[in-house]
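K.L.:
Quick one: structure below, then a few questions.
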Amino acid sequence: MTSKLSFGICSCLLGLTHFLSAVQGAGYLQIRFNRYTNHDGRVEDGSLCDPFGATYVGDNCDPVFRLRVNKGGGGGGNLHDYQQPGVYDNQNTIDFGSKFGSVPNPVPIAMNFPNPGHAYVKVDVVDKDTFPPDDPMSKFTASLPLIADNVRRDMELISPARHHRLSITHWFTCYTNFYGQDCNTYCVAQNDDVNGHYTCDSNGRRVCMIGFTGTLCNEDIDECLMSSPCSNESTCVNTIGNFKCMCPPGFEGRLCDEDINECSESPPKCRNGGNCTNTVGSFRCTCPTGLTGRHCEEDIDECKLAAPPCRNNGSCQNSFGGFSCRCGPAFRGRRCEIRAEASVGSPTGAPWKLAVIIVSAVLGTAIIAVIIALVVYQRRNSSRGTASNEDKESRFDNEAYES
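Residues -22 to -1, 1 to 381 in mature numbering (1 follows the signal peptide of the UniProt record, and there is no 0) are what the sequence shown spells out, letter by letter.
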């Protein structure tokens, strides 16, 4: 009868971190153990694993695994040799999960040497018995290709004696600074004047950084001579591994190809209420009346213009952004252009005009009254004359009749 052993924790396998820190060569193989199946519960010679089991005749097997990896043919384990310290108690089918025995699953195998092309794997499984020797149960062998192509390959291994099955997945990964599918190309990116200025592509070839050329990428490229990269008549200055453009006013950017919108800057480019218009590489100010200059900062002395603003001998007084006129007594207005006596609505002209209107109205009324009186008088005299003539004719007729 097989005793019920539990798994022990051992430090037989160094972790992946250890392999990476001790790297001297190409990369590392990883093997994930998925499932082991003993379909008949028998060992290699065909007998039951546990014919006198505690539960009934023919209890399940108690598998113990040993993994060996060799970089050459044969059954050696010069790369890796792991003996499981515990036992999978009473199990004919095992789904391994995150552990293979007592170590993490997948199991990493370091390849600190040039890639040999393949790794040879051997897995031996025995049925753990109470008293030695343990019974051989399954033997699996495989040749695994070491190709760093980011492909995970599934394999199902079959034990020749009883056709037991072991399902695994394996892949190969380069160490840092090793490249190519075989991980045999070594390249470390550099960025100094001694070792060069380059990165490494996926195949481990040097790729010079911008501004450098040569086998070690340590030769400076004079971009100013090769391509004239600076725009808008800016000045190109070569530097080690680079260049810079000295921009003229109105432009900015690495290549001086970006126009500066001066109208959006603070303080405003146009002063004293001037209107700013952006142009390519510059700006333009539209100044209010009375001001001039690039920034509308200069006053125009209107009094000194060829055509003085004050007319009729008015005295001109300049002010910032404007002027004023002192007019003689006979003129008024902003430019002394209006005669004072002809001013409509001025304080001195209004009473005079009103008096003229009143006098004219009075005279007109008097004239009309005189005309009306004369007409009435004439009509009355005409009426009296007619009546007198009629009396005379009447008296004449009477006298004639009497005689």
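Cβ coordinates follow ideal geometry from the N, Cα and C atoms, glycine included.
1) Look at the alpha carbon of PHE118 and the alpha carbon of CYS161, and state the distance between them as a whole number of angstroms.
2) In three-state DSSP terms, what is GLN69?
3) Residues in the same chain with beta-carbon distance under 6 Å from ARG249, minus the five sequence neighbours each way, listed in chain order, please.
4) Expressed to the nearest angstrom, what Euclidean distance is found between the alpha-carbon atoms of VAL129 and LYS77?
5) So, CYS195 versus GLY174, is the Cβ gap smaller than 7 Å?
6) Comparing C-alpha positions only, which one of GLN61, LYS49 and ASN70 sits nearest to HIS17?
7) For GLU230, write down the residues that DSSP places opposite it in a beta bridge.
8) How is SER338 classed by DSSP in three states: helix, strand or coil?
9) In terms of alpha-carbon separation, which member of GLY189, ARG13 and GLY24 lies closest to ASP113?
10) Report the rounded CA-to-CA distance for TRP149 versus GLY5, giving the unit in angstroms.
11) For the stretch 122 to 184, list the beta strand (DSSP E) runs that are entirely contained and at least 3 residues long, ordered along the chain.
12) Going by beta-carbon coordinates alone, are ARG143 and ASP73 separated by less than 7 Å?
13) Take every Cβ of the stretch 286 to 300, pair it with every Cβ of the stretch 230 to 247, and state whether three or more of those distances are shorter than 8 Å.
14) Under DSSP, the alpha helix (DSSP H) around MET204 begins and ends at which residues?
15) So, under 8 Å CB-CB, VAL101 and PHE156 are touching, yes? Tell me the CB distance rounded to an integer number of Å.
16) Between which residues of its own chain and SER201 is the CB-CB distance below 8 Å, once the five residues before and five after are set aside?
17) Just curious, the beta strand (DSSP E) that LEU7 is in, first and last residue?
18) Can you have a look at ARG184 and say buried or exposed, based on whether 16 or more other CB atoms are within 10 angstroms of its CB?
19) Using the Cβ count rule (16 or more neighbours within 10 Å means buried), how would you classify HIS58?
20) State the beta-bridge partners of GLY300 as determined by DSSP.
21) Would you call the CB atoms of CYS178 and ASN210 closer than 7 Å?
22) Report the three-state DSSP secondary structure of PRO110 (helix, strand or coil).
23) Looking at the structure shown, is VAL85 part of a helix, part of a strand, or coil, going by DSSP?
24) Whose CA, out of CYS281, GLY306, ARG312 and MET89, lies closest to the CA of PHE298?
25) Check each candidate in HIS96, VAL65 and LEU124 and name the one with the smallest Cα separation from LYS106.
26) On the premise that ALA97 lies in contact with LEU122, defined as a C-beta separation below 8 Å, what is that separation, rounded to the nearest angstrom?
27) Give me, in chain order, the residues of the same chain whose beta-carbon lies closer than 8 Å to that of ALA(-1); leave out the 5 immediate sequence neighbours on both sides.
28) Between the alpha carbons of GLY231 and CYS223, how many angstroms are there, rounded?
29) Give me the Cβ distance between GLY251 and PRO266, rounded to the nearest whole Å; I'm assuming they're in contact under 8 Å.
P.N.:
According to the structure shown:
1) Linking PHE118 to CYS161 through their CA atoms gives a straight-line distance of about 27 Å.
2) Looking at GLN69 - three-state DSSP - the assignment turns out to be coil, as it is neither helix nor strand.
3) Result list for ARG249: HIS273, CYS274 and GLU275, in chain order.
4) Answer to the nearest angstrom: the Cα atoms are 22 Å apart.
5) Going by C-beta atoms, CYS195 is nearer than 7 Å to GLY174.
6) When the alpha-carbon of HIS17 is set against those of GLN61, LYS49 and ASN70, the nearest one is in ASN70.
7) Partner(s): GLU236.
8) Shown here, SER338 sits in a helix according to DSSP, grouped into three states.
9) Closest by alpha carbon: GLY24.
10) GLY5 has its alpha-carbon roughly 11 Å from the corresponding atom of TRP149.
11) For the stretch 122 to 184, whole beta strand (DSSP E) runs of length 3 or above, ordered along the chain, are 131 to 136, 143 to 152, 168 to 170 and 174 to 178.
12) Contact: no.
13) No: the two stretches stay apart, fewer than three of their Cβ pairs being nearer than 8 Å.
14) Start and end: 201 to 204.
15) So it is not a contact: roughly 28 Å between Cβ atoms.
16) A quick correction: the sequence has Glu, not Ser, at residue 201. Excluding residues within five positions, the ones whose Cβ falls inside 8 Å are GLY189, PRO207, CYS214, ASN216, ASN220 and PHE221.
17) Annotation for LEU7: the continuous beta strand (DSSP E) segment containing it runs 5 to 15.
18) Note on ARG184: 16 or more other CB atoms within 10 angstroms of its CB, so buried under the neighbour-count rule.
19) HIS58 is buried by the Cβ-count criterion.
20) Under the DSSP definition of a beta bridge, GLY300 partners with SER297.
21) No, the pair does not count as a contact, with Cβ atoms beyond the cut-off.
22) Correct three-state label for PRO110: coil.
23) Residue state, collapsed to three classes: strand.
24) Just measuring C-alpha positions, the residue of CYS281, GLY306, ARG312 and MET89 sitting nearest PHE298 is CYS281.
25) Looking at the Cα atoms, VAL65 is the closest of the given residues.
26) At roughly 5 Å, the Cβ-Cβ gap stays under 8 Å, so LEU122 and ALA97 are in contact.
27) With a pLDDT of only 40 at ALA(-1), under 50, the local geometry of the prediction cannot be trusted, and the value read off the model is given with reservation. Beyond the five residues adjoining it in sequence on each side, ALA(-1) comes within less than 8 Å, by CB distance, of ALA88 and ASN90 in the same chain, given in chain order.
28) Going from the Cα of GLY231 to the Cα of CYS223 covers about 8 Å.
29) Contact check for GLY251 and PRO266: beta-carbon distance about 5 Å, within the 8 Å limit, so the pair qualifies.
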